[in-house]
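Using UniProt numbering, the first residue of the sequence shown is number 1, and each one after it goes up by one. Ideal Cβ positions, reconstructed from N, Cα and C, are used throughout, including at glycine. See structure below.
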Amino acid sequence: MTLDDSRQILDIIERLFEGPGAGEYLGEEVTQAQHMLQAGALAEAAGAPAALIAAALLHDVGHFRGEISGAELMAGTDNRHSHTGADWLAQWFGPEVTEPIRLHVAAKRYLCAAEPDYFGQLSPASVHTLVVQGGPMSEAEAAAFAAHRWGADAVRLRRWDEAAKDPQAPTPHFSHFRPLLAQLLSR
């Protein structure tokens, strides 16, 4: 992949943050872009590996890539944004980035089953979408998730996801993450 190719890919992703990402985020007090940028910043502050920082940053890009938007999700139709986003990003990033993204909705369902107190940490919008996305996992589903190769990373991402909804939090610009993303692009 050439430097120009990398720039073009990152420009495409950045435009999603500046365009659709500037919109309302499922009834939260932050925009979708602020939410994702805060998630990336939380992962970075936690000392996460570069791939997991990228996953936290890009975890909701599927809201911009599918035919069903976040508005439909709030209206009761699961947009499967985790899978849509992971599939789209897999053109350029490896599974260490895409698989935690693919599993971040499942991680919410897992945490609600495995840690009953986690449900109380969910915002009202997350409670609503949890129901649309299948509710807490069964015991068998939770056991399978816990054994999944990318399950632990998805749980870390999910915790940052839920915490990244603070309208007062300092939020870096997308440009802050460009060098990290450029290093992770499949060569």
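{"Asked": "In this structure, how does DSSP classify residue 96 when only helix, strand and coil are distinguished?", "Found": "helix"}
{"Asked": "Any idea what DSSP makes of residue 68, helix, strand or coil?", "Found": "Confidence is the limiting factor: at residue 68 the pLDDT is only 44, short of 50, which leaves the residue's position unreliable, though a coordinate-based value still follows. DSSP places residue 68 in coil when its eight states are reduced to three."}
{"Asked": "What would DSSP say about residue 141, mapped onto helix, strand or coil?", "Found": "helix"}
{"Asked": "At the level of alpha carbons, what is the spacing between residue 68 and residue 120?", "Found": "Low per-residue confidence applies at residue 68: pLDDT is 44, beneath 50, and the placement is therefore not dependable enough to give any value."}
{"Asked": "Distance check for residue 116 and residue 173, CA to CA, integer angstroms please.", "Found": "35 angstroms"}
{"Asked": "Thinking C-alpha only, which one of 32, 28, 27, 2 is nearest residue 15?", "Found": "32"}
{"Asked": "Does residue 31 come out as helix, strand or coil in the three-state DSSP assignment?", "Found": "strand"}
{"Asked": "Determine the contact status of residue 157 and residue 41, defining contact as a CB-CB distance below 7 angstroms.", "Found": "no"}
{"Asked": "Would residue 47 be called buried (16 or more neighbouring beta carbons within 10 Å of its own) or exposed?", "Found": "exposed"}
{"Asked": "Tell me which residues share the same chain as residue 182 and place their Cβ nearer than 6 angstroms to its Cβ, disregarding the 5 neighbours each side in the sequence.", "Found": "6"}
{"Asked": "In this structure, does DSSP put residue 24 in helix, strand or coil?", "Found": "strand"}
{"Asked": "Let me confirm a value: residue 171 is counted as buried when at least 16 other C-beta atoms fall within 10 Å, else exposed. Which label applies?", "Found": "buried"}
{"Asked": "Would a C-beta distance cut-off of 7 angstroms place residue 102 and residue 83 closer than the cut-off?", "Found": "yes"}
{"Asked": "Which of the three DSSP states, helix, strand or coil, is assigned to residue 110?", "Found": "helix"}
{"Asked": "Compare the Cα-Cα distances from residue 152 to each of 93, 28, 111 and report the closest residue.", "Found": "111"}
{"Asked": "Within the same chain, show all residues whose beta-carbon is closer than 8 angstroms to that of residue 89, passing over the 5 residues directly before and after it, in chain order.", "Found": "58, 61, 97, 98, 101"}
{"Asked": "With respect to the alpha helix (DSSP H) encompassing residue 150, which residues constitute its N-terminal and C-terminal limits?", "Found": "Note, residue 150: premise wrong, no alpha helix (DSSP H); not H, not E."}
{"Asked": "Does the Cβ-Cβ distance between residue 39 and residue 164 come in under 7 angstroms?", "Found": "yes"}
{"Asked": "If you reduce the DSSP assignment to three classes, tell me which class residue 50 lands in.", "Found": "helix"}
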